[in-house]
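This report concerns only the one structure given below.
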Amino acid sequence: MEFTEPYKQTGPCCFSPDARFLAVAVDYRLVVRDVLSLKVVQLFSCVDKISSLEWAPDSEYILCGLYKRPMVQAWSLSQPDWTCKIDEGPAGIAYARWSPDSRHILTTSEFQLRLTVWSLVNTACVHVQWPKYASRGVSFTKDGKFAAICTRRDCKDYINLLSCHSWEIMSVFAVDTVDLAGVEWSPDDSAIVVWDSLLEYKVLIYSPDGRCLFKYLAYESGLGVKSVAWSPCGQFLAVGSYDQAVRALNHLTWKTFAEFTHTASIRSPCNAAIFKEVDDPWQLDMSELCLSEGFSRNMQDNGAENGTEGGGSRVKYSVMDVPITLPSTKPATDKPNPKQGIGMLSWSIDSHYFFTRNDNMPTALWIWDICRLELAAVLVQKDPIRAAAWDPTCTRLVLCTESSHLYMWTPSGACCVNIPLPNFRIIDLKWNSDGSCLLLKDREFFCCAAIVSALPEEGPDRSDESSEDDE
Numbered sequence: 001m002e003f004t005e006p007y008k009q010t011g012p013c014c015f016s017p018d019a020r021f022l023a024v025a026v027d028y029r030l031v032v033r034d035v036l037s038l039k040v041v042q043l044f045s046c047v048d049k050i051s052s053l054e055w056a057p058d059s060e061y062i063l064c065g066l067y068k069r070p071m072v073q074a075w076s077l078s079q080p081d082w083t084c085k086i087d088e089g090p091a092g093i094a095y096a097r098w099s100p101d102s103r104h105i106l107t108t109s110e111f112q113l114r115l116t117v118w119s120l121v122n123t124a125c126v127h128v129q130w131p132k133y134a135s136r137g138v139s140f141t142k143d144g145k146f147a148a149i150c151t152r153r154d155c156k157d158y159i160n161l162l163s164c165h166s167w168e169i170m171s172v173f174a175v176d177t178v179d180l181a182g183v184e185w186s187p188d189d190s191a192i193v194v195w196d197s198l199l200e201y202k203v204l205i206y207s208p209d210g211r212c213l214f215k216y217l218a219y220e221s222g223l224g225v226k227s228v229a230w231s232p233c234g235q236f237l238a239v240g241s242y243d244q245a246v247r248a249l250n251h252l253t254w255k256t257f258a259e260f261t262h263t264a265s266i267r268s269p270c271n272a273a274i275f276k277e278v279d280d281p282w283q284l285d286m287s288e289l290c291l292s293e294g295f296s297r298n299m300q301d302n303g304a305e306n307g308t309e310g311g312g313s314r315v316k317y318s319v320m321d322v323p324i325t326l327p328s329t330k331p332a333t334d335k336p337n338p339k340q341g342i343g344m345l346s347w348s349i350d351s352h353y354f355f356t357r358n359d360n361m362p363t364a365l366w367i368w369d370i371c372r373l374e375l376a377a378v379l380v381q382k383d384p385i386r387a388a389a390w391d392p393t394c395t396r397l398v399l400c401t402e403s404s405h406l407y408m409w410t411p412s413g414a415c416c417v418n419i420p421l422p423n424f425r426i427i428d429l430k431w432n433s434d435g436s437c438l439l440l441k442d443r444e445f446f447c448c449a450a451i452v453s454a455l456p457e458e459g460p461d462r463s464d465e466s467s468e469d470d471e
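The opening residue of the sequence shown carries number 1 in UniProt numbering; numbering runs sequentially from there.
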């Protein structure tokens, strides 16, 4: 892999949908860089510190949320003199997002009083009263023609279907939830999934005309759904819950066809490859060297001061045999939102695999094969997993653990990559939409990484003791 120099950032960073530009927040300044050279192509100054960034789907405009003000500013990449400022006054702004046509901005006021659709074409605005949430509870169809917006009034949850052309409400229907937690259109726009809060396990499938196609309750008297994800092909719906299991539903009958459990002990029979991160000390033969006492003492002192900062240590994956016990933590019983259950769930672009993280086993990433309905691999890290993301163009997974290493998995194997930047610890990562490079974020800096050589595509060689990459 090849890495760029680190650059300053103080907030959100994101690639443009057309994969050409990178927007970076530096205090109140919006810096737009070219992805290939990372040269600054535009620099905009906002009136306050930038809290959120979002590119318009056509990569023409950039939305900056200044929620401390509270205010929203939008900028044009092709027309630097053009600007847009949205201020809701006393109602405030809790969240803002783009519409699929890139010509409307949706803002949610404080205390979820109303959702407002602002037009950049004719300055018209449309209001939707009582949105359920500020940053979630809104989903657009893949063709960008309709929006499903969750609202709540008179202690009842509703789905409002709006046309993204005229922004008129096409229909409103009540949903059978106690406290609706989320909504998502299916990839083929034929169905809408909604799920209840963590206090009750309930997943509901609705047609766009409001008919309930299926109601799924896996169990009662326990904390319920924690994560939901459609497969990109639209044939599967994965539901992760607090009971440390993922259940997969099919799109034809909406029945469960597989259940994937996350147990602390992995035992035989198991065909999964277990990769464990271990230290890889430098192999230097110094037996025949004669060092003075002062030089030897100086080397030891320097090593104690430097520790393992900035690439001073190397790690590798070691292939482990079963049975193996994964590190786990017991969630606190006296605190809300226990760290237990499937907190991370995401599908590969080909819908062949999905990964999960059980939050009470934060150092393990589970990779499941949906075609064989079995566990494909487990990556056991030294530190808790902070972020993981699939390559948008192929079956390649990368993850980070707030360490100076990047970790990668493909069906052919796994590897560890050392970051050649001093004191750079990755807390977040994002793929460019064309899969050409990665954005790696430290707490104060960011860099980009390009993959110049992929892992081989042939099947994994189980006889290999470990895999490691320090390009």
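Beta carbons: idealized from backbone N, C-alpha and C, even for Gly.
Legend entry - Reduced DSSP category for His405 - H, G, I as helix; E, B as strand; rest coil: Within the sequence shown, the letter at position 405 stands for residue 405. Strand at His405.
Legend entry - Thr4 in three-state terms, based on DSSP: As a working mapping, residue 4 is identified with position 4 in the sequence shown. Coil at Thr4, not helix or strand.
Inset, instruction - Classify Cys150 as buried or exposed, calling it buried when 16 or more other Cβ atoms lie within 10 Å of its own Cβ. - result: Taking the first residue of the sequence shown as 1, we reach residue 150 at position 150. With 16 or more Cβ atoms within 10 Å of its Cβ, Cys150 is classed as buried.
Legend entry - Length of the line joining the Cα atoms of Leu204 and Gly182: Working through the sequence shown from its first residue, we reach residue 204 at position 204. Working through the sequence shown from its first residue, we reach residue 182 at position 182. Looking at the backbone, the Cα of Leu204 and that of Gly182 are separated by about 11 Å.
Legend entry - Reference Ile86, options Leu162, Leu63, Ser78, closest by Cα: Mapped onto the sequence shown, residue 86 falls at position 86. For the options Leu162, Leu63, Ser78, the alpha carbon positioned closest to that of Ile86 is the one of Leu63.
Legend entry - Contact check, Met408 vs Leu399, beta carbons under 9 Å: Stepping through the sequence shown from its first residue, residue 408 is reached at position 408. Stepping through the sequence shown from its first residue, residue 399 is reached at position 399. Yes; because the gap between Cβ atoms is below 9 Å, this pair is in contact.
Inset, instruction - Please list the segments of the beta strand (DSSP E) lying wholly inside the stretch 28-98, counting only runs of 3 or more residues, in order along the chain. - result: 29-34, 40-45, 52-55, 61-66, 71-76, 83-86, 95-98
Legend entry - Bounding residues of the beta strand (DSSP E) (the contiguous stretch that carries Glu200): Mapped onto the sequence shown, residue 200 falls at position 200. Per DSSP, Glu200 belongs to no beta strand (DSSP E) and is neither H nor E.
Legend entry - Residues bridged to Phe146 [DSSP beta-bridge criterion]: Numbered from 1 along the sequence shown, position 146 holds the residue referred to as residue 146. Ser163, per the DSSP bridge assignment.
Inset, instruction - Have a look at the DSSP bridge pairing and note the partners of Trp431. - result: As a working note, residue 431 is residue 431 in the sequence shown. Trp431 pairs with Leu438.
Legend entry - Contact under 9 Å by Cβ, Leu30 with Trp75: By one-based count along the sequence shown, residue 30 stands at place 30. By one-based count along the sequence shown, residue 75 stands at place 75. Taking 9 Å as the Cβ cut-off, Leu30 and Trp75 qualify as a contacting pair.
Legend entry - Backbone CA spacing between Phe354 and Lys156 [nearest angstrom]: Position 354 of the sequence shown, counted from the start, is the residue given in the question as residue 354. Position 156 of the sequence shown, counted from the start, is the residue given in the question as residue 156. Each residue's Cα considered, the two are about 34 Å apart.
Legend entry - For Arg153, the residue or residues it bridges with in DSSP: The residue you call residue 153 lines up with position 153 of the sequence shown. Paired residues: Lys156.
Legend entry - Whole-angstrom C-beta distance between Arg267 and Asn418, which should lie under 8 Å: On the sequence shown, residue 418 is found 418 positions in, with the first residue counted as 1. On the sequence shown, residue 267 is found 267 positions in, with the first residue counted as 1. Actually they are not in contact, since the Cβ atoms of Asn418 and Arg267 sit about 33 Å apart, beyond 8 Å.
Legend entry - Selection from Ala148, Arg69, Gln112, Asp428 that minimises the alpha carbon distance to Arg443: Locating residue 443 in the sequence shown gives position 443, where the first residue counts as 1. Per the Cα distances, Asp428.
Legend entry - Burial state of Pro323 (16 or more Cβ within 10 Å): In the sequence shown, the residue the question calls residue 323 occupies position 323. Result: exposed.
Legend entry - Contact with chain D by Arg267, beta-carbon distance below 9 Å: Absent from the structure: chain D. Only one protein chain is present.
Inset, instruction - Name the one or two DSSP bridge partners that Arg114 has. - result: One-based indexing of the sequence shown puts residue 114 at position 114. Arg114 pairs with Gln129.
Inset, instruction - Select from Ala376, Glu54, Val32, Gly89 the residue whose C-alpha is nearest the C-alpha of Ser109. - result: In the sequence shown, residue 109 corresponds to position 109, counting from 1. Selected option, being the one with the closest Cα: Gly89.
Inset, instruction - Measuring alpha carbon to alpha carbon, tell me which of Phe424, Lys430, Gly435 ends up nearest Phe445. - result: In the sequence shown, counting from the first residue as 1, residue 445 sits at position 445. It is Phe424.
Legend entry - Cβ-Cβ distance between Glu220 and Tyr201 below 9 Å: By 1-based counting over the sequence shown, the position of residue 220 is 220. By 1-based counting over the sequence shown, the position of residue 201 is 201. Taking 9 Å as the Cβ cut-off, Glu220 and Tyr201 qualify as a contacting pair.
Inset, instruction - State buried or exposed for Gln9, treating a residue as buried only when at least 16 other CB atoms are found within 10 Å of its CB. - result: As a working note, residue 9 is residue 9 in the sequence shown. Gln9 is buried by the Cβ-count criterion.
Inset, instruction - Alpha carbon to alpha carbon, how far is Pro57 from Ser102? Give it in angstroms, no decimals. - result: Looking up residue 102 in the sequence shown gives position 102. Looking up residue 57 in the sequence shown gives position 57. Looking at the two C-alpha atoms, the distance is approximately 6 Å.
Inset, instruction - Report all residues from its chain with a CB closer than 7 Å to the CB of Asp18; omit the five preceding and five following residues, and keep chain order. - result: Position 18 of the sequence shown, counting from 1, holds the residue named residue 18. Once the five neighbours on either side are set aside, the close Cβ partners of Asp18 are Ser59.
Inset, instruction - Count the C-beta pairs between the stretch 388-405 and the stretch 428-440 that are closer than 8 Å, then say yes if the count reaches three, no if not. - result: Contact between the stretch 388-405 and the stretch 428-440 is present, because at least three Cβ pairs lie under 8 Å.
Inset, instruction - Rounded to whole angstroms, what's the CA-CA distance from Asp334 to Met320? Just pull it up for me. - result: Along the sequence shown, one-based indexing puts residue 334 at 334. Along the sequence shown, one-based indexing puts residue 320 at 320. If you take the alpha carbons of Asp334 and Met320, they lie about 36 Å apart.
Legend entry - Coil, strand or helix - Asn306 by DSSP: Here residue 306 refers to the residue found at position 306 of the sequence shown. The predicted position of Asn306 is uncertain, since its pLDDT is 41 and thus under 50; no value can be drawn from it.
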